[in-house]
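Protein chains in written order, with the numbering used here: chain L, 1 to 275; chain E, 276 to 563.
A quick write-up on the structure given underneath.
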């Protein structure tokens, strides 16, 4: 489990309230458990007294069951909307955010569906470069017990958290997220992102020697990345090779860097001390 | 065509692929079929209400449990399909094109109840076939996707661009010209850098295929920046530019030196063998 790091020194103001989010999750769980308990009680009552008992009791029992089912279907409908919501957030972030707010306002959502909605919110805030907020949301989701099917996004959330903390210059926090990432199996896409973040971390803490370990394989993996990320990782590896005294690798990689990275991207990386 | 475990299997022909996709066309379950479990549950509840036997109340509860088990199994099945699709996509990214193709081919018949997942499998098929230079079969896969996707779908522009590239590779120059003209507006409107880069590459390749080398050189300003979103694959474009200089061959314009410069750029990004595999005409470049 990722432990809670101390707040970064220059964190931007965050509008995400982790305590409120946890309270909503607790209310959802309590409400759904109460309804489940009532459903079981209704079941037992109907078994004991049968439909020939009091009509009011029968109506109440059927009503409880109907509410339980309706909640299940509302949760399933929200779950089915999640992929479309991702597409909407890509195409039209404002409309996507409005729809996400609507979905989050629903009461008594299944715990994992609410966690999935929080995951979408973390991705949106990350794209908006509100890194303190995206880190706080990712931290909340990652430290929530019993995530259920939402656990499938754990790797992505850890990547997002590591990047947000690197952006916030919270290096111990980034290290914790990266350590957790290295403990779990990841797919190719996540492995590539993890490699980029790890290299960035190693440069940020002044360990270019660690960044150049297995540099040939790292370059081969960098080639699989889309353009800008491919260029950035090449630049970081070239800088690490230079700083670690591997001039042969630096000379081999730098012509690639000049082709893969624009002047703006290189200036930005120099400005942030990465290369 | 063989698509079994035999390592000697070959990519399907366009006809075989079209037949495969036609035979296993995905059809989403009708709204009534989707509501069937619920209707069954409702029926059991009504039956329990109308049957004055004490144990009859077990019926709706039994139905509810069965519905929960069915739903859980369905979700697990979809997850298994998604994992297999992710694996096929990874194989494609790692340039293991034949295993990716085989995996996607086998998934198509299993996904007839899941159109969105089948589209992903067909997209992998198309891209793997293109990498294996089976351009006609790749076009059949992209045709099928374009048939199923709405015109304004974000992926349809990329698919039509891939089809135009396939037409260029197979010397269907008129088709490619029509497609590229029609794509100019949508590509500009999309504002997506990778799409704009792929379009610029397609225009350069069109100039090469139609032997308009001088025009390609004249319009070559900013080519490095334009192709940058393609990552290392921009090397293919640099190699084509080297070919243009080699073919124009004006000594007073230092074309030979320019050809060497562009070839060095291309080989900085991709091995010469990969460049010559994709474009066999380039064998004359780089000292061969």
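Ideal Cβ positions, reconstructed from N, Cα and C, are used throughout, including at glycine.
is_contact[residue i, chain L] using C-beta, thresh 8 angstroms
i, result
"residue 548 of chain E", "no"
"residue 361 of chain E", "yes"
"residue 501 of chain E", "no"
"residue 505 of chain E", "yes"
"residue 532 of chain E", "no"
"residue 307 of chain E", "no"
"residue 369 of chain E", "yes"
"residue 469 of chain E", "yes"
"residue 336 of chain E", "yes"
"residue 415 of chain E", "no"
"residue 540 of chain E", "yes"
"residue 406 of chain E", "no"
"residue 420 of chain E", "no"
Extent of the continuous alpha helix (DSSP H) run through residue i
i, result
"residue 508 of chain E", "Looking at the DSSP string, residue 508 of chain E is not in any alpha helix (DSSP H), and its letter there is neither H nor E."
"residue 368 of chain E", "333-368"
"residue 385 of chain E", "372-385"
"residue 358 of chain L", "Only positions 1 to 275 of chain L appear in the structure, and residue 358 of chain L is not among them; the question remains open."
"residue 499 of chain E", "498-502"
"residue 220 of chain E", "Lying outside 276 to 563, the shown extent of chain E, residue 220 of chain E is not represented and no answer is given."
"residue 288 of chain E", "No alpha helix (DSSP H) contains residue 288 of chain E, which DSSP labels as neither H nor E."
"residue 530 of chain E", "530-544"
"residue 564 of chain E", "As shown, chain E starts at 276 and ends at 563. That puts residue 564 of chain E outside it, with no answer to give."
"residue 123 of chain L", "111-127"
"residue 423 of chain E", "410-423"
"residue 468 of chain E", "468-484"
"residue 553 of chain E", "547-553"
"residue 437 of chain E", "429-444"
Assigned secondary structure, residue i (DSSP; H/G/I helix, E/B strand, else coil)
i, result
"residue 280 of chain E", "Low local confidence applies: a pLDDT of 46 at residue 280 of chain E is under 50, so the model's placement there is unreliable, and no value is given."
"residue 230 of chain L", "helix"
"residue 261 of chain L", "coil"
"residue 388 of chain E", "coil"
"residue 225 of chain L", "coil"
"residue 320 of chain E", "helix"
"residue 328 of chain E", "coil"
"residue 242 of chain L", "helix"
"residue 299 of chain E", "coil"
"residue 199 of chain L", "helix"
"residue 186 of chain L", "coil"
"residue 95 of chain L", "helix"
"residue 309 of chain L", "The requested residue 309 of chain L does not occur in the structure, where chain L is confined to residues 1 to 275."
"residue 206 of chain L", "coil"
"residue 15 of chain L", "coil"
"residue 169 of chain L", "coil"
"residue 34 of chain L", "helix"
"residue 218 of chain L", "helix"
"residue 39 of chain L", "helix"
"residue 273 of chain L", "coil"
"residue 426 of chain E", "coil"
"residue 393 of chain E", "helix"
Contact with chain E by residue i, beta-carbon distance below 8 angstroms
i, result
"residue 147 of chain L", "no"
"residue 227 of chain L", "yes"
"residue 271 of chain L", "no"
"residue 93 of chain L", "no"
"residue 255 of chain L", "yes"
"residue 10 of chain L", "Its pLDDT being 42, under 50, residue 10 of chain L is placed unreliably in this model, and the value from its coordinates should be taken loosely. False, the Cβ-Cβ gap to chain E never drops below 8 angstroms."
"residue 7 of chain L", "Unreliable positioning characterises residue 7 of chain L in this predicted model, as indicated by a pLDDT of 49, which lies under 50. The coordinate reading is nonetheless provided below. Output row for residue 7 of chain L: interface = no."
"residue 36 of chain L", "no"
"residue 262 of chain L", "yes"
"residue 214 of chain L", "no"
"residue 259 of chain L", "yes"
"residue 195 of chain L", "no"
6 angstroms Cβ shell around residue i - same chain, five flanking residues per side excluded
i, result
"residue 510 of chain E", "541, 544, 545"
"residue 513 of chain E", "537, 540, 541"
"residue 534 of chain E", "517, 520, 521"
"residue 244 of chain L", "208, 209, 212"
"residue 189 of chain L", "none"
Proximal residues to residue i (C-beta, below 8 angstroms), its chain only, five neighbours per side dropped
i, result
"residue 356 of chain E", "382, 385, 386, 389, 392"
"residue 234 of chain L", "219, 222, 253, 256, 257, 260, 261"
"residue 281 of chain E", "Model confidence at residue 281 of chain E stands at a pLDDT of 48, short of 50, so the residue's coordinates are unreliable; what they give is reported in the following sentence. Closer than 8 angstroms at the Cβ level, and outside the excluded window around residue 281 of chain E, lies no residue."
Cβ-based neighbour list, residue i, same chain, cut-off 7 angstroms, excluding 5 preceding and 5 following
i, result
"residue 230 of chain L", "222, 223, 260"
"residue 441 of chain E", "405, 410, 413, 414"
"residue 20 of chain L", "none"
"residue 200 of chain L", "166, 236, 274"
"residue 111 of chain L", "25, 28, 29, 146, 148"
"residue 454 of chain E", "435, 438, 439, 442"
"residue 551 of chain E", "557, 558"
"residue 489 of chain E", "523"
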